[in-house]
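S.K.: Each protein sequence line maps, in turn, to chains A and B.
Just so it is clear: in the first sequence, position 34 is 163 by this note's numbering, and no numbers are missing.
Just so it is clear: in the second sequence, position 316 is 452 by this note's numbering, and no numbers are missing.
C-beta atoms are modelled at their ideal positions from N, C-alpha and C, and glycine is treated no differently.
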Amino acid sequence: MKVAHTYVATVEDRPGALNRVVSLFRRRGFNIASLTVGTTECPGVSRITLVVNSDADTAGRVKANLEKLVDVLQVQDLTGVAALTREYALVKASVPPEKRPELLRLCSVFRARVVDVSPATLTVEITGTPDKVDALLEVVRPYGIAEMVRTGPLAMGRGAEVNEIKVQAGMAA
Amino acid sequence: MKRTGSQAIWEALVGEGVETVFGYPGGAIMPAYDALPGYPIRHVLVRHEQGAAHMADGYARASGKVGVAIATSGPGATNLVTGIATAMMDSSPMVCITGQVSSLVLGTDAFQETDITGVTLPITKHNYLVTRAEDIYPTLREAFHLARSGRPGPVHVDITKDAQQAAFEFHPGDGPPPRSGRKVRPSPPVDLDRAAALIDCAERPLVLSGHGIVRSGATELLVEFAEKTGTPVASTLLGLGGFPASHPLSMGMMGMHGEAWVNKAIQEADLLIALGMRFDDRVTGKLSTYAVNARKIHVEIDPSEINKNVKVDVALMGDAAWALRELLGRVRSRPRAAWHARIAEMKGDTAVRDIQSLPPSGRLFAAHVLHDLWRLTAGRALVVTDVGQHQMWEAQYYKHERPRSLITSGGLGTMGFALPAAIGARFARPDDEIWVVAGDGGFQMTACELSTCAQENLKVNVAIINNGYLGMVRQWQEFFYSRRYVATPLLSPDFVKLAEAHGLLGLRVSKREEIEGAVAQARKATCTTVVDFRVEQEDSVYPMVPANSDLRDMIRRPSPMLETGADP
Ligand SMILES: Cc1ncc(C[n+]2csc(CCOP(=O)(O)OP(=O)(O)O)c2C)c(N)n1
Ligand SMILES: [Mg+2]
């Protein structure tokens, strides 16, 4: 059965490092649902959050294949563990002025914030779990979504356990 | 001390113990070539960069050390690609160094610029683009380390011309130590115990011995394990030689052209112990019917291979030698006579019927050549095969007793591999007798390297199994495409004259009685010798499990041909 698997990979910030990760997924036919890249507490190290839709066997091989990449420092599987998963989205709705109060009320339920207004549109931002973002989009859709972008999830384990970045010996090279 | 980037290249190679490199110069790598004299490294000038990559690969496979190939940017680098992909598929440790246009013009489509690290990314273990002289030495050190550590493989280092030319203050001791790549965490004792328990209670266990046995030098441990547990050993193509063929527990090759009884035994086994092999589709046939009665133990150094093709019951992460050592202390001694009797029964019933033992029909079969070559060289030659029917006949008829006595392109199946790989092997094994076994087709793909043999004064023997066809493709056309021989009949030059044109010895054999004399003459000659064996043109390799079929569904040699010698 295919389910969404979430991985966090810390990767040395080297030319082509992201290319290697993406190339691996292309080549092995792993299906990327989402990929986000950002900086970390450690200079020279990026953090990739990956969501892959796959069965359990493939998921195991995703991790093993990622770990084979020399630039990848470590891979954490956050599937099914207590983790914070957050996404950010901007939604531009084309709503006539008379319908705005209604939409704004709905947005407040989601703690979505209005960040831009024009005569024909209303743009809100939302931060939350992917489910919450999905739900907001469902609600806005009947009013008409003119434009939408979401970052894809970022993930981090909960609690005191830390995914410490273990820098490789030759990293400074 | 002051050094140029070019000097740093050679310093790094000397530091890694490299004695021979295979290469071809050109604009972007000229500074490096210019700095070569003065370093104790022999450069072998190839005739095509593909040859350089195969030579480095052949050197690596023959020695266990890292092979080195060098080329210029653009076309020089792209010519390496087939050889790099070949090494990648067979986990051969190799470092390829290419020149690149100056960093000042990178990305501008400058003359002879190719994004070669983009090209080699998916076919290398790792690759680098180096644009600064001071990064060359540490990068090469890391490249060598990565090439040989864990599951070995090719590493590519692309170095811009300005980095080669720049001078810098060189302190070899400085610099960070190389990154190690992923270290596999060896499996914990409980997994070893589980594997041992499976072995102890198996009635019909079978070892599937792969390249990993050869790579980890585990032959003696495997013999000990097989004898202690009474477990017969079947081998993959790349595993041949990892277990002595004359050992009573040796079964021979498995898979598409494996012996019939081996494939049957796999289907009847109740436990498969896979050692350093990866359940390639040429080995398993149809996955849904593969060894359904067997539990499976998979010993693998690369965790990404686990459960890739075949789901296993116990996975042991680590190299084959380590796993065997651990298991030997845990398993019980058992004779398993009933299983051996059953295998003997299957063997008696279904053995490949040896063409070579048939009464002479006056016709020369490839099997005759390979069998006689085995006999005449006492099974002690290092054989390097190309790809096609002759490769399978070699695997069936030349019995390998020692590891690293067969070098062949298994995973990629690269025609043109044999001659250059043998040249590379020659530098690794100066005293061993080396025979290339190639088809008339594949030989022509890299025949230009005969010239390298002549220039470098190298001695290898070349047996061309000349059947006038791209034989393996013709065989598939015969079996699966209603004998429409499209683009497989092959006109070849006179190979004897071709050898002579290179100042080498050429011989021709068209009758079985002539084999012995020609082999003796080739062995005696001090120069590379080409023997053109004119064999039966439309012979096929049997048995054959058609692609993606049950291992039991084998195409067998039609017997009328056997009995009468009439055309099939
Ligand atoms: C570079 C390359 N091109 C094409 C093939 C496909 N192929 C596999 S075997 C074969 C025929 C080989 O013919 P030959 O070298 O004469 O050997 P034979 O099978 O006749 O022994 C071909 C074309 C290949 N393996 N490698
Ligand atoms: Mg042929």
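Please list the terminal residues of the continuous alpha helix (DSSP H) segment that includes K432(B).
M.R.: Position 296 of the second sequence holds residue 432(B). It is not in any alpha helix (DSSP H) - K432(B) instead sits in the beta strand (DSSP E) that spans R431 to E436.
S.K.: Taking C-alpha atoms, which residue in S239(B), A354(B), E249(B) and P313(B) lies nearest to A299(B)?
M.R.: Residue numbering aside, residue 299(B) sits at position 163 when the second sequence is read from its first letter. Answer by Cα proximity: S239(B).
S.K.: Following the continuous beta strand (DSSP E) through L219(A), name the residue where it begins and the one where it ends.
M.R.: Position 90 of the first sequence holds residue 219(A). Start and end: A212 to A222.
S.K.: Per DSSP, which one or two residues make a beta bridge with T258(A)?
M.R.: Translated into positions along the first sequence, residue 258(A) becomes position 129. In the DSSP output, where bridge partners are listed per residue, T258(A) has none listed.
S.K.: For E293(A), is the classification buried or exposed, using 16 other Cβ atoms within 10 angstroms of its Cβ as the cut-off for buried?
M.R.: As a first step, residue 293(A) must be located in the first sequence, where it is residue number 164. Exposed is the call here.
S.K.: Per the contact definition of three or more C-beta pairs closer than 8 angstroms, is the stretch 627 to 642 of chain B in contact with the stretch 552 to 568 of chain B?
M.R.: As far as the Cβ criterion goes, the stretch 552 to 568 of chain B does not touch the stretch 627 to 642 of chain B, which means the pair count is below three.
S.K.: From this set, L334(B), H434(B) and K444(B), which residue's C-alpha is nearest L344(B)'s C-alpha?
M.R.: Locating residue 344(B) in the second sequence gives position 208, where the first residue counts as 1. Minimum Cα distance to L344(B) is reached at H434(B).
S.K.: Can you find a CB in chain B that lies within less than 7 angstroms of the CB of D142(A)?
M.R.: Reading the first sequence from its first residue, position 13 is the one you call residue 142(A). No, no contact with chain B.
S.K.: Below 8 angstroms, how does it come out for the stretch 680 to 689 of chain B and the stretch 651 to 664 of chain B: are there three or more Cβ pairs, yes or no?
M.R.: In short, these stretches do not touch, since the Cβ pair count stays below three.
S.K.: Can you check DSSP and say which residues form a bridge with F158(B)?
M.R.: Within the second sequence, residue 158(B) is the residue found at index 22, counting from 1. According to DSSP, F158(B) bridges with V180(B) and A205(B).
S.K.: Do H393(B) and V666(B) count as a contact pair if the criterion is CB distance below 7 angstroms?
M.R.: On the second sequence, position 530 is the one that residue 666(B) refers to. On the second sequence, position 257 is the one that residue 393(B) refers to. Cβ distance not < 7 angstroms, so V666(B) and H393(B) don't count as in contact.
S.K.: For V291(B) and I233(B), what's the separation of their Cα atoms in angstroms?
M.R.: Residue mapping note: residue 291(B) aligns to position 155 of the second sequence, counting from 1. Residue mapping note: residue 233(B) aligns to position 97 of the second sequence, counting from 1. Cα to Cα, the separation comes out at about 9 angstroms.
S.K.: In chain A, what lies closer than 8 angstroms to T253(B) by C-beta?
M.R.: The sequence position of residue 253(B) within the second sequence is 117, counting from 1. Per Cβ cutoff of 8 angstroms: G145.
S.K.: When the Cα of H307(B) is compared with those of P539(B), S587(B) and R139(B), which residue comes out closest?
M.R.: Start at 1 with the first residue of the second sequence, and residue 307(B) comes out as number 171. Taking only the C-alpha atoms, the option nearest H307(B) is R139(B).
S.K.: Residues of chain B with CB under 8 angstroms from D186(A), in chain order?
M.R.: Translated into positions along the first sequence, residue 186(A) becomes position 57. N443 and K447, listed in chain order.
S.K.: Could you tell me whether the Cβ of V151(A) comes closer than 7 angstroms to any Cβ of chain B?
M.R.: As a position in the first sequence, residue 151(A) is number 22, starting the count at 1. Chain B contact via Cβ: absent.
S.K.: Just the C-alpha distance for E356(B) and N445(B), rounded to the nearest angstrom, thanks.
M.R.: In the second sequence, the residue the question calls residue 356(B) occupies position 220. In the second sequence, the residue the question calls residue 445(B) occupies position 309. Going from the Cα of E356(B) to the Cα of N445(B) covers about 29 angstroms.
S.K.: What does a CB cutoff of less than 6 angstroms around A456(B) pick up in its chain, not counting 5 residues either side in sequence?
M.R.: As a first step, residue 456(B) is located in the second sequence; it is residue number 320 there, counting from the start. Correct list, in chain order: G348, I349, S352, A354, L411, G412 and V435.
S.K.: Less than 7 angstroms between CB atoms is the rule here; does A193(A) satisfy it with respect to chain B?
M.R.: Sequence index remark: in the first sequence, residue 193(A) carries index 64 (1-based). Yes - at least one Cβ of chain B is within 7 angstroms of the one on A193(A).
S.K.: Under a three-way DSSP split, which group does K647(B) fall into?
M.R.: As a position in the second sequence, residue 647(B) is number 511, starting the count at 1. Coil.
S.K.: Relative to chain A, which residues along the stretch 286 to 303 of chain B have a C-beta separation below 7 angstroms, given in chain order?
M.R.: Per Cβ criterion, the list is empty.
S.K.: Beta-carbon separation of L407(B) and A338(B) under 7 angstroms?
M.R.: To locate residue 407(B), count along the second sequence from 1; it is residue 271. To locate residue 338(B), count along the second sequence from 1; it is residue 202. Against a cut-off of 7 angstroms, the Cβ pair of A338(B) and L407(B) comes out as a contact.
S.K.: Does the beta carbon of K197(A) come closer than 7 angstroms to any beta carbon on chain B?
M.R.: The residue labelled residue 197(A) in the question sits at position 68 within the first sequence. Yes, K197(A) counts as interfacial toward chain B.
S.K.: Closer than 7 angstroms, Cβ to any Cβ of chain B: which residues of the stretch 171 to 183 of chain A, in chain order?
M.R.: So nothing in the stretch comes that close.
S.K.: Can you name, in chain order, every residue of its own chain whose Cβ lies under 7 angstroms from the Cβ of T168(A), other than the five neighbours on each side?
M.R.: Here residue 168(A) refers to the residue found at position 39 of the first sequence. Same-chain partners within the cutoff: S175.
S.K.: With DSSP run on the structure shown, which of helix, strand or coil describes G235(B)?
M.R.: For the purposes of this step, residue 235(B) is identified with residue 99 of the second sequence, where counting begins at 1. Of the three classes helix, strand and coil, the one that applies to G235(B) here is strand, per DSSP.
S.K.: Please decide whether P324(B) counts as near chain A, where near means a Cβ-Cβ distance under 7 angstroms.
M.R.: As a working note, residue 324(B) is residue 188 in the second sequence. It does not: the Cβ of P324(B) has no partner Cβ on chain A nearer than 7 angstroms.
S.K.: Quick one: Cα of D703(B) to Cα of W510(B), how far?
M.R.: Within the second sequence, residue 703(B) is the residue found at index 567, counting from 1. Within the second sequence, residue 510(B) is the residue found at index 374, counting from 1. Low per-residue confidence applies at D703(B): pLDDT is 39, beneath 50, and the placement is therefore not dependable enough to give any value.
S.K.: Give every residue of the same chain whose Cβ lies closer than 7 angstroms to the Cβ of K432(B), excluding the five residues on either side of it in the sequence, and list them in chain order.
M.R.: Counting from 1 along the second sequence, the entry for residue 432(B) is found at position 296. Here the set comprises L408, A410, V446, V448 and D449.
S.K.: Evaluate contact between the stretch 207 to 227 of chain A and the stretch 246 to 259 of chain A, counting only Cβ atoms and requiring at least three cross-stretch pairs below 8 angstroms.
M.R.: Touching, yes.
S.K.: Is it the case that the Cβ atoms of T135(A) and T208(A) are separated by a distance below 7 angstroms?
M.R.: Sequence index remark: in the first sequence, residue 135(A) carries index 6 (1-based). Sequence index remark: in the first sequence, residue 208(A) carries index 79 (1-based). Result yes, Cβ atoms of T135(A) and T208(A) sit closer than 7 angstroms.
S.K.: Per DSSP, which one or two residues make a beta bridge with T135(A)?
M.R.: Numbered from 1 along the first sequence, position 6 holds the residue referred to as residue 135(A). Its beta-bridge partners are V180(A).
S.K.: Would you check if the distance between the CB atom of L500(B) and the CB atom of V655(B) is smaller than 7 angstroms?
M.R.: If you number the second sequence from 1, residue 500(B) lands on position 364. If you number the second sequence from 1, residue 655(B) lands on position 519. Taking 7 angstroms as the Cβ cut-off, L500(B) and V655(B) do not qualify as a contacting pair.
S.K.: Within the same chain, show all residues whose beta-carbon is closer than 6 angstroms to that of P539(B), passing over the 5 residues directly before and after it, in chain order.
M.R.: Position 403 of the second sequence, counting from 1, holds the residue named residue 539(B). So the qualifying residues of the chain are V350, T355, G377 and G378.
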